[in-house]
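For reference, the structure is listed below as structure tokens.
Protein chains in written order, with our numbering: chain A, 58 to 373; chain B, -4 to 236.
Have a look at this one:
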């Protein structure tokens, strides 16, 4: 506590120096602005996410969730994937919600992970944004929804088949004693989830800001014109840029030199895995989990985007 | 990190968000439309922090995690990471980085130039030379099938970009947040372009002029008739929607 107060006081006294130092250095001020952009943009969604996750902590116990979900795991995953359409937000909010739903793993684990991948990509807000960004290509909306849902389902089924509970090294705090009021349970859950998720969001936003400054944009623009190379470049770009899933459609629409299929890959990979999500998953679930889950999601997302894309929008 | 420090950090993050929301600095990073959501987030965060602090005070001292044995272990395990939240507090409250400069935005020729996206745009607003945003002008040049810009003077605001082949009018466009910024630009030509040519980069101008049709696949040229210097607008970016 004393450390925090001392540090902040020092910063307050040095505020003018800090501000001028950042403003006079082009790379530093760009990185700072991009960092603030990613962080400030994510905060409202994160707050919505932790409010939902607090409500889940109060009203939805893992036992109750297991009773609601269909008995067969494969069907439960399917239900969770379609249910992802109900959370209007972007990917930052869905990580804490999924962590709450995940509980101790068990029966609901696979369904929670499917929900985490599906929610940011197929909810109505994101689909409308995609339709607005690609007014002449309504098939992009269809292809995006199909490919993202497919990715989420495959990862859910893969988890129920090969997932190991010991990869989950981060546990949620034990639910409070039954004497605590509902408000206290809610506030404690929301407080805990925000602190954890936002800390890792800082890490991810900083990584995105650094990459923005270090990697020149023309590298991607010149490499992306070839179809196969384009898929690889756009997938990497989706991970590196860490855009909000409500905005990525507009960015993809503006990359007119790239064929449609790589742009679809960009839209499918982005909400499922990027640097900021990786950091948040590592924080909420554990490093062993994120190190396996994120690369696997990356490959599955590329594959299902290519498969669905070739079928729906063709190799353009 | 102790529980009381965590609460303080949570409170400060809320205050930081509230500060940039009230001061308007948040428009350097995200769209103005996010204002109510940012305000609500700040209120929720401050309320969560204050309620935790008051609960702890009522209990007499910070609540200790003594409910279960292994719980304490887990909490201490991942708590150091919360120190990272000091970074946005310092950056938002004390540094407040400036709005993006044009060199940091990705160059974009025209916003969207696929032929499939062509459509008839609604007619321009009435008046002698209606105000249009630069991204809208570029979209109309590239995609409008109704020729709404033909023979209509328009007024466009932007900053000076000196290039080897002449002077451009530019504007940084963001869609969602500063991470997706793009640079929209239009060449200046015509009788008044010489007035803009002598000015340093980043001088803000209001330019009246006409865009000749048939410039679909390149950066279009605005034939300027009058050029007026203006102060930098409060809102540094432009938004396509």
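Note that beta-carbon positions come from the ideal geometry of N, C-alpha and C, so glycine has one too.
Given the structure is predicted, the values throughout are model-derived calculations rather than measurements.
By alpha-carbon positions, which one of A:294, A:268, A:319 ends up nearest to residue 288 (chain A)?
A:319
Strictly below 7 Å CB to CB, what residues from chain A border residue 21 (chain B)?
97
So, are the CB atoms of residue 177 (chain A) and residue 36 (chain B) less than 8 Å apart?
no
Three-state secondary structure (DSSP) at residue 154 (chain B)?
strand
Could you check where the alpha helix (DSSP H) with residue 156 (chain A) kicks off and where it finishes?
148 to 159
Note the first and the last residue of the continuous beta strand (DSSP E) segment covering residue 165 (chain B).
161 to 168
When DSSP labels each residue in this structure, what does residue 237 (chain A) get in the three-state scheme?
coil
What do you reckon, are the CB atoms on residue 337 (chain A) and residue 154 (chain A) nearer than 8 Å?
no
How is residue 129 (chain A) classed by DSSP in three states: helix, strand or coil?
coil
Apart from the five residues on each side of it in sequence, which residues of its chain come closer than 7 Å, Cβ to Cβ, to residue 207 (chain B)?
218
Three or more beta-carbon pairs under 8 Å between the region 20 to 35 of chain B and the region -1 to 8 of chain B, yes or no?
no
Using a cut-off of 7 Å between C-beta atoms, extract the partners of residue 17 (chain B) located in chain A.
The premise fails here: residue 17 (chain B) is roughly 14 Å from chain A at the closest Cβ pair, so nothing lies under 7 Å.
Spatial distance of residue 199 (chain A) from residue 13 (chain B) (CA atoms)
39 Å
Counting contacts by CB-CB distance shorter than 8 Å, is residue 71 (chain B) in contact with chain A?
Residue confidence is low: residue 71 (chain B) scores 41 on pLDDT, short of 50, so the model does not pin down where it sits. No coordinate-derived value is stated.
Suppose you measure from the CA of residue 353 (chain A) to the CA of residue 135 (chain B); what does that come to, to the nearest Å?
42 Å
Chain A contacts from the region 85 to 97 of chain B (Cβ-Cβ distance under 9 Å)
85, 86, 87, 88, 89, 90, 91, 92, 93, 94, 95, 96
Can residue 243 (chain A) be considered in contact with the ligand NAD, in the sense that its beta carbon sits closer than 7 Å to one or more heavy atoms?
Of the ligands one can find in the structure shown there are none, so the ligand NAD has no counterpart to examine.
Residue nearest to residue 182 (chain A) in terms of C-alpha spacing, selected from A:335, A:306, A:361:
A:306
Please compile the residues from chain B whose C-beta is within a distance smaller than 7 Å of the C-beta of residue 68 (chain A).
85, 89
Which residues in the same chain as residue 188 (chain B) place their Cβ atom closer than 8 Å to its Cβ, once the five residues preceding and following it in sequence are excluded?
161, 162, 219, 222
Please determine, among A:363, A:133, A:197, A:194, the residue with the shortest C-alpha to C-alpha distance to residue 213 (chain A).
A:133
For residue 92 (chain B) versus residue 271 (chain A), is the C-beta spacing smaller than 8 Å?
no
I want to see whether chain A comes within less than 8 Å of residue 32 (chain B), judged by CB atoms only; does it?
yes
Output the boundary residues of the beta strand (DSSP E) element that contains residue 126 (chain B).
Where residue 126 (chain B) is concerned, there is no enclosing beta strand (DSSP E), given that its DSSP letter is neither H nor E.
With contact counted as at least three CB pairs below 8 Å, one residue from each stretch, are the region 320 to 328 of chain A and the region 237 to 248 of chain A in contact?
no
Contacts around residue 91 (chain A), its chain only, beta-carbon distance under 6 Å, and the 5 residues preceding and following it disregarded:
266, 269
Could you tell me the distance, in whole angstroms, from the CA atom of residue 130 (chain B) to the CA atom of residue 344 (chain A)?
43 Å
If you pair each beta-carbon of the region 97 to 113 of chain A with each one of the region 184 to 201 of chain B, do three or more pairs fall below 8 Å?
no
So which of A:93, A:211, A:70, A:124 has the shortest CA-CA distance to residue 135 (chain A)?
A:211
Looking only at its own chain, which residues have a Cβ that is under 6 Å from the Cβ of residue 207 (chain A), when we skip the five neighbours before and after it?
361
Between residue 68 (chain A) and residue 138 (chain A), what straight-line distance do the alpha-carbon atoms span, to the nearest angstrom?
46 Å
Distance, Cα to Cα, residue 144 (chain A) vs residue 174 (chain A)?
12 Å
Run through chain B and tell me which residues come within less than 8 Å of residue 90 (chain A), C-beta to C-beta.
23, 24, 92, 93, 94, 95, 99, 173
Sub-8 Å separation of residue 87 (chain B) and residue 149 (chain A) beta-carbons:
no
How big is the Cα-Cα spacing for residue 154 (chain B) and residue 71 (chain A)?
32 Å
Check whether the region 255 to 262 of chain A and the region 76 to 90 of chain B are in contact - that is, three or more C-beta pairs closer than 8 Å.
yes
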